[in-house]
Amino acid sequence: MLTQIASGRVYNYSHCVGRGAQSGMGFNQPASAAVGQDDMIYVVNRGSESIGNVAWNRTGIGARISRVTIGTTPGDEEFIGEFSKYGSNDGEFIWGSGVAVDKAQNIYVTDEWLNQVSIFDKDGNFISRWSALESEDGKDHGIASIALDQSENVFVSDGRSHEIRKFSKEGKFITSWGKSGSGEGEFNGPWGITIDQSGSVYVADHQNHRVQKFTNDGKFVSQFGKEGTGRGSLTLPTSVAVDPDGDVYVCDWTDNGYFPGKIQIFDKDGAFITSLEGDAQQLSKWAQLTVDANADYAKRRREVRTTENEWKFAVPTGVLFDTEKSRLIVVDSQRSRLQIYNKEKEYMVPQMNL
């Protein structure tokens, strides 16, 4: 369904951007993305971590931050460049996870392995880095997502110590909240985090299959979602976004163990609106270049009975709302692409004169 109309909202599928690539025009295990100025999108590529017949390794093939511009029409996207690489030195990362952009267009990237925040300017030049831990407390840590509020305080989620931490933009610790559990204000592997325009904090409570909402200083406000695959149910949510109308978008990682995921949409009170499952019926501009370069590849694609499974999300790990363009961008991780939906403000329902 390319256009979804539900509860007075209209979501129009636009196009997808990306293809599998270790560098250049494409992505490699994209984990998250953030919107900058002038249609700039920053994408964290986690990179490949495995080699055949090797149980575990740290190769980091394709790990980088991609800079792409994405216009409003299909094909209106350009690869601008990339920066950072796999490693533990300044400007490098082992397990890149979250990304956010401040008012000066500096880019903040979290590292789930090194438990730090690295900061770059808009062109990808390294500025500084600081620890995302409150202290060296001996706990197991894994810094997942990052978000900035209107005052440019920095919030990070720690999926292994089950906490949310708040820092100044210079890395000075301010406060933290949360512990392991399933009660109000408790977490089980918190992942995605976002801040709405009023400063409220939303957390995708991954293994509790819910989203929790807090005040800016960590007081519990509400929660919504429950484990399952039905309307408004969640299965391992990974990311959350809020638009200016207060609608909440939750990236559901998987559908009860089945490969695809979905975007579940709720209103500001947590009432379910609708869901998106992916609609990439046309290849991206970059992917089409790959197909066009190999005549045999193009022929074999035409022999396939249906490519419908290819349209759908495959383990999506990130969702963000571009307020300037009123569009939803989904990080479709296992498909190495972004899928884009416009939230239409003025949509005329076609008249059918039968």
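Everything in the sequence shown is counted per our numbering, starting at -9 for the first residue and increasing by one. Here a beta-carbon is modelled for each residue, glycine too, at the ideal position from N, C-alpha and C.
{"Asked": "Looking at A24: is its Cβ nearer than 9 Å to the Cβ of I97?", "Found": "yes"}
{"Asked": "Given this structure, state the Cα-to-Cα distance separating V250 from Q27, to the nearest angstrom.", "Found": "Note that residue 250 is Pro in the sequence shown here, rather than Val. Cα-Cα distance, rounded: 31 Å."}
{"Asked": "Note down the Cα distance separating A45 from S121, rounded to an integer number of angstroms.", "Found": "Residue confidence for A45 is low, a pLDDT of 49 falling below 50, so the modelled location carries little weight; the figure read from the coordinates is stated next. Looking at the two C-alpha atoms, the distance is approximately 30 Å."}
{"Asked": "If I follow the unbroken alpha helix (DSSP H) through N299, where does it start and stop?", "Found": "E298 to W301"}
{"Asked": "Classify V99 as helix, strand or coil using the three-state DSSP reduction.", "Found": "strand"}
{"Asked": "On the premise that S78 lies in contact with A134, defined as a C-beta separation below 8 Å, what is that separation, rounded to the nearest angstrom?", "Found": "Incorrect: roughly 18 Å between the Cβ atoms, too far for contact."}
{"Asked": "Are H196 and P234 closer than 9 Å when you measure CB to CB?", "Found": "no"}
{"Asked": "Among all the DSSP beta bridges, which residues are the ones paired with N79?", "Found": "Answer is none; N79 lacks a bridge partner."}
{"Asked": "Kindly indicate the opening and closing residues of the alpha helix (DSSP H) around T280.", "Found": "K275 to D282"}
{"Asked": "Measure the alpha-carbon distance for G65 versus S170 and round it to whole angstroms.", "Found": "45 Å"}
{"Asked": "V230 and Y192 look like a contact to me (Cβ under 8 Å); what is the Cβ gap, rounded to whole Å?", "Found": "5 Å"}
{"Asked": "With a threshold of 16 other CB atoms inside 10 Å of the CB of R54, please say whether the residue is buried or exposed.", "Found": "buried"}
{"Asked": "Would DSSP call R221 helix, strand or coil?", "Found": "coil"}
{"Asked": "Is it right to say K156 is buried, meaning 16 or more other beta carbons lie within 10 angstroms of its own, or is it exposed?", "Found": "buried"}
{"Asked": "Tell me which same chain residues have a C-beta within less than 6 Å of the C-beta of N105, skipping the five on either side of it?", "Found": "A122, L123, H131 and I133"}
{"Asked": "From the DSSP output, read off the bridge partner residues of Q252.", "Found": "Per the sequence shown, the amino acid found at residue 252 is Lys instead of Gln. BP columns for K252 point to D242."}
{"Asked": "Just mark D242 as buried or exposed, buried being the case when its beta carbon has 16 or more other beta carbons within 10 Å.", "Found": "buried"}
{"Asked": "Apart from the five residues on each side of it in sequence, which residues of its chain come closer than 8 Å, Cβ to Cβ, to R291?", "Found": "V281 and T297"}
{"Asked": "Can you give me the start and stop residues for the alpha helix (DSSP H) that K289 sits inside?", "Found": "A285 to E293"}
{"Asked": "In the DSSP assignment, the beta strand (DSSP E) including R155 goes from what residue to what residue?", "Found": "E153 to F157"}
{"Asked": "Do you know how far the Cα of E293 is from the Cα of N2?", "Found": "29 Å"}
{"Asked": "Mind checking whether G168 and I154 have CB atoms under 9 Å apart?", "Found": "yes"}
{"Asked": "Residue range of the beta strand (DSSP E) that T313 falls in?", "Found": "T313 -> no beta strand (DSSP E), and no H or E assigned at all."}
{"Asked": "When we look at the beta-carbon of E67 and count the other beta-carbons within 10 Å, is it buried (16 or more) or exposed?", "Found": "buried"}
{"Asked": "With 16 other CB atoms within 10 Å as the buried threshold, where does Q329 fall?", "Found": "buried"}
{"Asked": "Beta-carbon within less than 7 Å of D259's beta-carbon, same chain only, minus the 5 sequence neighbours each way: which residues are those?", "Found": "none"}
{"Asked": "With a Cβ-Cβ cutoff of 9 Å, do Y331 and S4 count as a contact?", "Found": "yes"}
{"Asked": "Could you tell me if N299 is buried or exposed, where buried requires 16 or more neighbouring beta carbons within 10 angstroms of its beta carbon?", "Found": "exposed"}
{"Asked": "Determine the direct distance from the alpha carbon of H152 to that of N178, and round the result to whole angstroms.", "Found": "6 Å"}
{"Asked": "So, for W301: in the same chain, excluding its five sequence neighbours on each side, which residues have a beta-carbon less than 7 Å away from its beta-carbon?", "Found": "G268, D269, A270 and Q271"}
{"Asked": "For I136, list the residues DSSP reports as bridge partners.", "Found": "V146"}
{"Asked": "I need the straight-line Cα distance from G(-2) to F214, nearest angstrom please.", "Found": "21 Å"}
{"Asked": "Kindly indicate which three-state DSSP category A45 falls into: helix, strand or coil?", "Found": "Residue confidence is low: A45 scores 49 on pLDDT, short of 50, so the model does not pin down where it sits. No coordinate-derived value is stated."}
{"Asked": "Among D111, G182 and T(-7), which has the Cα closest to the Cα of K203?", "Found": "G182"}
{"Asked": "Can you name the start and end residues of the beta strand (DSSP E) that N35 belongs to?", "Found": "M30 to N35"}
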